[in-house]
Amino acid sequence: MEAPQQTRDTVRIVICPNCSLTLKGAALFFGGLCFFCFTLAGLLALRGMWPILPFCGLEMLLVGWALHASLARRYRTEIITLTESDVSVESHDRANCLRTVFPRHWAQVKLRRPASSLHPSRLTIESHGRRCELGSFLTEEERCGLAIRLQRLIGRINESPSLAMGPE
Amino acid sequence: MAEPHVETIAHADHEHMPHGWRRWVFATNHKDIGTMYLIASCVMFFIGGAAAMVIRAELFEPGMQLVDPGVFNSLTTLHGLIMIFGAIMPAWVGLANWMIPLQIGAPDMALPRLNNLSFWILPFAFSLLIATFFVPGSAPAGGWTMYPPLTLQFGDSFPMLIFAIHLMGISSILGAINVIVTIMNMRAPGMTLLRMPLFVWTWLITAFLLIAVMPVLAGAVTMMLTDHFFGTSFFNAAGGGDPVMFQHIFWFFGHPEVYIMILPAFGVISEIIPTFSRKPLFGYEAMVYATASIAFLSFIVWAHHMFTVGLPVSAQLFFMFSTMLIAVPTGVKVFNWAATMWKGSLSFEPPMLFAVAFLFLFSIGGFSGLMLALVPADYQYHGTYFVVAHFHYVLVTGAAFAIMGAVYYWLPKWSGRMYDMALAKWHFWLSTIFVNVLFFPQHFLGLAGMPRRTPDYAVQFTDWNQVSSIGGFAFGLSQLLLPYIVWKCVRSGKPVEGNRAWEGAHGLEWELPSPPPFHSWTVPPSEALIARGAEH
């Protein structure tokens, strides 16, 4: 979760899921793997064993696709923007962006804890019968922290604390 | 930190779980796929074991008794292929599927559908392989190494063998890719590389080995296929090809393949010994680096399998010394395990018994490996029963014992029930005694000059062959205890109290309930939990 960016009358919080592999790490890892495998296959091809090369190429394509598919979750981002009047939540994935806007004065932040400790809690912003879930990919501690921060920023129903106070 | 305002809800939408046959055929859950891999591996272990029983029955006396030489050679070939690709490797993939997500705090494998595909390829591959017994020309009979020109002379079984090898290779590659992507990208926040359990580390390195060498095997068998059907001459001396080149390529795949089967065993032993010594693992980082060193060295030792083909002296020296070098990181591991046990509060439940037996017996396999690494000595040992004894000590008392230890270690976690401890100890003692009765005399037979892959032998080899066969039958029979113990445990074992089945167990998997919920780690573990599990 990124630190909130705060101006005088706007607070912006960006949250994204955990990916233990960074894009740079993935590139280095994939490049290193390709270098190693193609060096081996190339040396064998030089000795006349060229049919190893296409199998190596196919395999590297598969590894590349697998990394790409797994890293796609990295593009999932939720941006919460608070102004004096509104709370907007933008949910991005690779292709789509869904924006939900709530009037800040009437919005409520709710953290629902399930009956079983094995299941995650669910953090939502709600207003006028609409609901938007946030941070389903965060750890429990991170979600609790975000809930506290949002409850302070948005306040209870019919409250609009000053944004100048900022989050703790 | 202040407490947030919290409401409690009565249910969540994470309870869904498929039932009936769909749960297994369309399985994407890592535990279900892991279970299927382990069951398939057990079935293949008994099919390969049945072939071994016929081999040992035939070798009980000199002369031909039960099967003709062609069938004997086919049984030897399929025993090797089935045990390596059907029993040992799928068992490790099954354990990886079960344990890696639990140990790194991931909800599942990174690519669950690919995981399903990689499992379901296997039954087709092995049906194809076993079906070769029923085609004209009978099953492949040139040994699991498939050396040309002998293998090129098979009948209709040849293309089936090649196709089966390709399928097994695809399955292994898909499994390896899944393991790599899962470990690289799905670790819980705070689970850094050097906090990962050794089993995860060894599997990560194993997956690299698989990715590096599987295209080499695929290329080699495809070249044989084109030699057979399309008139190429990669390995055909008459057309300018070189049959010895196949041996180079095969063992360039084959030696790392040995480490593919044994590195995860090192990981399992590194989990079991600290638990039952009630001490952290001695030299965690050294263990990681030793594993990586062994993996690296596995690429530069292949020609020690072929010292007798007429290599230049310089090449013989290089491969002899590089092979002996492997003893260094392996020694680091063995001494670290011994140091972990040193002054520990030891107890000897079945997983620990298997781990200790692994230490002693795998070391015997390692020492005979060192003997085989010496070029002048290898000229004597090559192609004899000494080699058979060596690799069975590595693969049975090494890999298979570690798999059994792993099953006894994690079965209470998987099932939520404790197995019959007395029966498991019986299984251990019967296995350990008779595996030595089975394989140790084969050292003597080999040193006396008995060749491997032969259905008949000179009468002076009779005594030790009979001892070996008796050991083989008893070892084979005692293995029937394992599925019975597992079945009994799952059906009527005493429920395990708490998350930890073993007092000294540590690691993230032991923080989950036993059995773990169908969807585990839907909430990533906290940093504190990870730190506690990573107290190496």
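Which chain is which? The protein sequence lines are A and B, in order.
For what it's worth, my numbering labels the leading residue of the first sequence as 1, then goes sequentially.
For what it's worth, my numbering labels the leading residue of the second sequence as 1, then goes sequentially.
Each residue gets a CB set at the ideal place from its N, CA and C atoms; glycine is no exception.
Buried or exposed (CB count within 10 angstroms, at least 16 for buried), residue i
i	result
B:Ala-528	exposed
A:Cys-144	buried
A:Cys-97	exposed
A:Arg-122	buried
B:Ile-247	First, the amino acid is wrong: residue 247 of chain B is Gln here, not Ile. The residue in question, B:Gln-247, is buried, as its Cβ has 16 or more Cβ neighbours within 10 Å.
A:Leu-23	exposed
B:Ser-127	exposed
B:Tyr-37	buried
B:Ser-171	buried
B:Lys-333	buried
B:Ser-347	exposed
B:Phe-386	buried
B:Ala-531	exposed
B:Ala-27	buried
B:Asp-32	buried
B:Asp-108	buried
B:Ala-218	buried
B:Phe-235	buried
B:Glu-15	Residue confidence for B:Glu-15 is low, a pLDDT of 47 falling below 50, so the modelled location carries little weight; the figure read from the coordinates is stated next. Exposed.
A:Glu-84	exposed
Contact set between residue i and chain A, taken where Cβ atoms lie within less than 9 angstroms
i	result
B:Val-216	Leu-40, Ala-41, Leu-44, Met-49, Ile-52, Phe-55 and Cys-56
B:Leu-111	Ala-66, Ala-69 and Ser-70
B:Pro-495	Those within 9 angstroms of B:Pro-495 in chain A number zero; the least Cβ separation is about 17 angstroms.
Bridge partner(s) assigned by DSSP for residue i
i	result
B:Val-301	Beta-bridge pairing links B:Val-301 to no other residue.
A:Glu-174	With chain A running from 1 to 168 in the structure shown, residue 174 of chain A is simply not present.
B:Thr-384	B:Pro-451
A:Gln-108	A:Glu-126
B:Ala-495	The amino acid occupying residue 495 of chain B in the given sequence is Pro; Ala does not appear at that position. Its beta-bridge partners are B:Arg-417.
B:Pro-123	Note: B:Pro-123 sits in no beta bridge, so no partner.
A:Thr-10	A:Thr-83
A:Leu-15	Checking the sequence, you will find Ile at residue 15 of chain A rather than Leu. In DSSP, A:Ile-15 forms a bridge with A:Glu-78.
A:Cys-132	A:Ile-125
Under 8 angstroms by beta carbon: chain B residues contacting residue i
i	result
A:Cys-37	Ile-211, Ala-212 and Pro-215
A:Thr-77	The premise fails here: A:Thr-77 is roughly 17 angstroms from chain B at the closest Cβ pair, so nothing lies under 8 angstroms.
CB of residue i within 7 angstroms of CB of residue j, strictly
i	j	result
B:Thr-275	B:Gly-416	no
A:Glu-141	B:Ser-526	yes
B:His-390	B:Gly-366	no
A:Ile-15	A:Glu-78	yes
B:Val-221	B:Ile-162	yes
B:Gly-369	B:Arg-278	no
B:Leu-111	A:Ala-26	no
B:Val-388	B:Gln-442	yes
B:Ile-485	B:Asp-420	yes
B:Pro-90	B:Ser-138	no
B:Glu-509	B:Leu-194	no
B:Val-496	B:Pro-412	yes
B:Gly-175	B:Ser-118	yes
B:Leu-361	B:Tyr-393	yes
B:Thr-206	B:Ile-260	yes
A:Ala-107	A:Ile-80	no
B:Pro-451	A:Ile-52	no
B:Phe-335	B:Gly-267	no
A:Leu-153	B:Asn-185	no
B:Ala-424	B:Pro-483	no
B:Trp-203	B:His-255	no
B:Ile-88	B:Ala-422	no
Under 7 angstroms by beta carbon: chain A residues contacting residue i
i	result
B:Val-181	Ala-66, Leu-67 and Ser-70
B:Asn-185	Cys-19, Ser-20, Leu-21, Ser-70 and Leu-71
B:Pro-189	Asn-18 and Thr-139
Proximal residues of chain B, C-beta to C-beta of residue i below 9 angstroms
i	result
A:Glu-59	Ile-173, Ile-177, Ile-211, Met-214, Pro-215 and Ala-218
A:Pro-103	Ordered by position in chain B, no residue passes the 9 angstroms Cβ test against A:Pro-103, which lies about 20 angstroms from the chain.
Beta-carbon neighbours of residue i, restricted to chain A and to distances below 8 angstroms
i	result
B:Ile-249	Leu-44, Met-49 and Ile-52
Residue i beta carbon near the ligand PLP (any heavy atom closer than 6 angstroms)
i	result
A:Glu-133	In terms of ligand content, the structure shown is empty, and the ligand PLP therefore cannot be addressed.
Per-residue contacts from residue i into chain B (C-beta, under 7 angstroms)
i	result
A:Pro-120	Thr-522 and Val-523
A:Val-63	Ile-177 and Ile-211
Residues in the stretch 502-536 of chain B having any Cβ partner in chain A nearer than 7 angstroms: Pro-517, Thr-522, Val-523, Pro-524 and Ser-526
What residues in the stretch 19-37 of chain A bring their beta carbon closer than 9 angstroms to a beta carbon of chain B? Cys-19, Ser-20, Leu-21, Gly-25, Ala-26, Phe-29, Leu-33, Phe-36 and Cys-37
Positions along the stretch 214-241 of chain B whose CB lies within less than 8 angstroms of some CB in chain A: Residues Met-214, Pro-215, Val-216, Ala-218, Gly-219, Ala-220, Thr-222, Met-223, Thr-226 and Phe-234.
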